[in-house]
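Before any comments, here is the structure.
Numbering (my numbering), first residue to last: 2 to 780.
What follows is the structure in structure tokens.
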């Protein structure tokens, strides 16, 4: 069709009244084809719909005033969409005659419902914005109160920490004072004890000095005796060393003898293997020799002991020297015998196989040696007894010397210990004197510090009293602020509950809008079908315009012919100057008046039709211009609405940025506002679609009115042509028994009938024009 989309604006009453008048005209025009009972039903429905709208608007106002409850807006929307559904069902179910009347009726109701819903939604948005502002203000006040509380709590915590620190410092200072007093008392006691100890130590020192002098004298005596014993012991030690050397030499000789004996034993063993008897004898000899060697070894050990005893008892060595010499002689004899026995054993071993007699001689020699060894053993025992007696004497002398040495060492140690004790006591005396001086100095310092701490204690006590007063003041402030905070929290919780309720209602409205969007999509499909139908009607209208133009040309030609007839009749009247008889004149006048009356009637009819058609065309042109103006106005309104929406979106973005900073609770409010804006946009789309449908219905009504006018003009032309032909027939071919008076009366009756028909036709045209909204457009 090329018509722009129209948005119904509730703020423009002229446009809404104009559209309502057009819709009413369409509804009245459709009443001609609808039965009477349906008209009454539609009027009743209209009354009911008006009552419902009034109740909805009343409920909407009351609900808006009731602190933001969104039930009326939701009810209005539900009713609106229910009516759209009913309208669609009726459009789908009813006949073509019922569709137009129902469309006009339902569109009026839907328009009013939409206006009421829009007003309710706008008021609801304003209430929500006010509530959001109030919540934001309260939230900012709560944040400020919380910050103030936090600051007060920090101050209280600082004051408490100061109080605790002061108490700790006071306790520490008290402990320090107590410890200092105890320390001073301890120092005084220690000084007294040290004085007593110094006096006792001095008396002990005097006694110990006397004892030391005595001990020194005794030590001198003992040292002289020790020197004597040392000289004696040295002489004895020299003698013992000599005896040890002699014993060592004898041991060496005995070792050599043992080696020789071992060699002889080996030889004897070899000889025993040859002869058992000789082996047995040799074994006996060897055993004897072993016994002798053992005795020899024992004698050597005894000699060693004797030598040791002799070394200890050098005084008695002179007596034992003779015995040693005798022993040496005996040893020399024994050695000689052993050497001879060794030689004999060697010779016997060498000549054992050849000479058995030599063995017997050797046995005899061995027996002789046994005797000599036994004699030597007896002499060794005697010498051993003597050595042991000398050893006992030496041990007794050594024990005495050791006891003396021990006594001397003990006395020396005692003297050294006493000297060390004296030195230590002297140093301790000096230290005690120094400690006394230092303690006196510390006492002076402690007294000075005690006075300072007492002054500090007084200052701290005053600070404590001030801190306690400050803490009490801060606690009272904190309690008042906590009460204020609790009140604000209650208010916030109430506001949050209200917001949650609004959120729930908005969610329900969203669900309804989503369900209704599908219905709107179906309505748009219906509108597209209507657009196609309007396009078809526009084509028909163009065809009717062509027919109207052709009819206008025909009417103009008829008017020209009528004008020519009128001119010719007037010229004939002017030219008829001769008198005629009355009856002839009447007859002629009747003959002439009848076609003139017919032509006049036809002319008047044609002129009226032409006037009506011209006026209708002018009115249509004016309507088209008015519609164009309305379209331009609505386009401007659309632009303003779009600008408002852009401003709203900017405000929403700004509010969104502010709300993001506040937290999750205020984000819900922003979501509600955003959903509100989305709901509003969906409602605007629905209104635009309904307005498009209303515009299309207006176009359909205008086209139908034009079609009716064209049909009426065609019928009038046909009637006029038929009447003209009939008049021409009557004028040209008069009937038999023609009475001019009767004809005049009939002509008058026909003229009156034509007038009545013309008036009726004019009334019908005026009615159609009113129904089509032409008069409103002219106004």
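Glycine is no exception: its CB is placed at the ideal position from the N, C-alpha and C atoms.
Keep in mind the model is a prediction, meaning the values are calculated, not measured.
Query	Result
Distance between residue 222 and residue 263 (C-alpha atoms, nearest Å)	60 Å
Length of the line joining the Cα atoms of residue 542 and residue 609	22 Å
Beta-carbon contacts of residue 461 that lie in its chain and below 7 Å, excluding the five residues immediately before and after	167, 170 and 171
Through-space distance from residue 631 to residue 120, alpha-carbon basis	22 Å
Inter-residue Cα distance where the pair is residue 224 and residue 211	20 Å
Rounded separation between residue 150 and residue 137 - CA only	19 Å
Exposure of residue 358, with buried meaning 16 or more beta-carbon neighbours within 10 Å	exposed
7 Å CB neighbourhood of residue 185 in its chain, flanking five on each side removed	444 and 447
Residue 491 beta carbon less than 8 Å from that of residue 146	no
C-alpha gap between residue 234 and residue 246, whole angstroms	18 Å
Status (buried if at least 16 other CB within 10 Å, exposed otherwise) for residue 434	exposed
Alpha-carbon to alpha-carbon, residue 256 and residue 289	17 Å
For residue 468 and residue 178, the rounded distance between their alpha carbons	24 Å
Per-residue burial, residue 231 [other beta carbons within 10 Å of its own, 16 or more giving buried]	exposed
Alpha-carbon spacing of residue 160 relative to residue 148, whole angstroms	18 Å
Buried versus exposed call for residue 555 [16 or more other C-beta atoms within 10 Å across all chains shown]	exposed
Residue 503 to residue 131 span [Cα, whole Å]	13 Å
Exposure of residue 128, with buried meaning 16 or more beta-carbon neighbours within 10 Å	buried
beta-carbon residue 260 near the ligand NAP non-hydrogen atom, thresh 7 Å	Ligands in the displayed structure: none, and consequently the ligand NAP is not present.
With 16 other Cβ atoms within 10 Å as the buried cut-off, status of residue 529	exposed
Cα-Cα separation between residue 440 and residue 152, rounded to whole angstroms	52 Å
For residue 142 and residue 499, believed in contact at Cβ under 8 Å, the rounded distance	Not really, about 18 Å apart at Cβ, beyond 8 Å.
Close-in-space but distant-in-sequence residues of the same chain around residue 486 (CB under 6 Å, 5 per side omitted)	146
Neighbour-count burial assignment, residue 217, 16 or more Cβ in a 10 Å radius	exposed
Counted within 10 angstroms of its Cβ, other Cβ atoms place residue 304 as buried (16 or more) or exposed	buried
Residue 113 classed as buried or exposed, judged by whether at least 16 other C-beta atoms fall within 10 angstroms	buried
Exposure of residue 117, with buried meaning 16 or more beta-carbon neighbours within 10 Å	buried
Cβ of residue 436 within 8 Å of any chain B Cβ	As a matter of chain content, chain B is missing from the structure shown, which is built from one protein chain.
Nonlocal neighbours in the same chain, by C-beta distance under 8 Å from residue 422, ignoring five residues either side	209
Counted within 10 angstroms of its Cβ, other Cβ atoms place residue 781 as buried (16 or more) or exposed	The question about residue 781 has no answer, for the chain in this structure spans 2 to 780.
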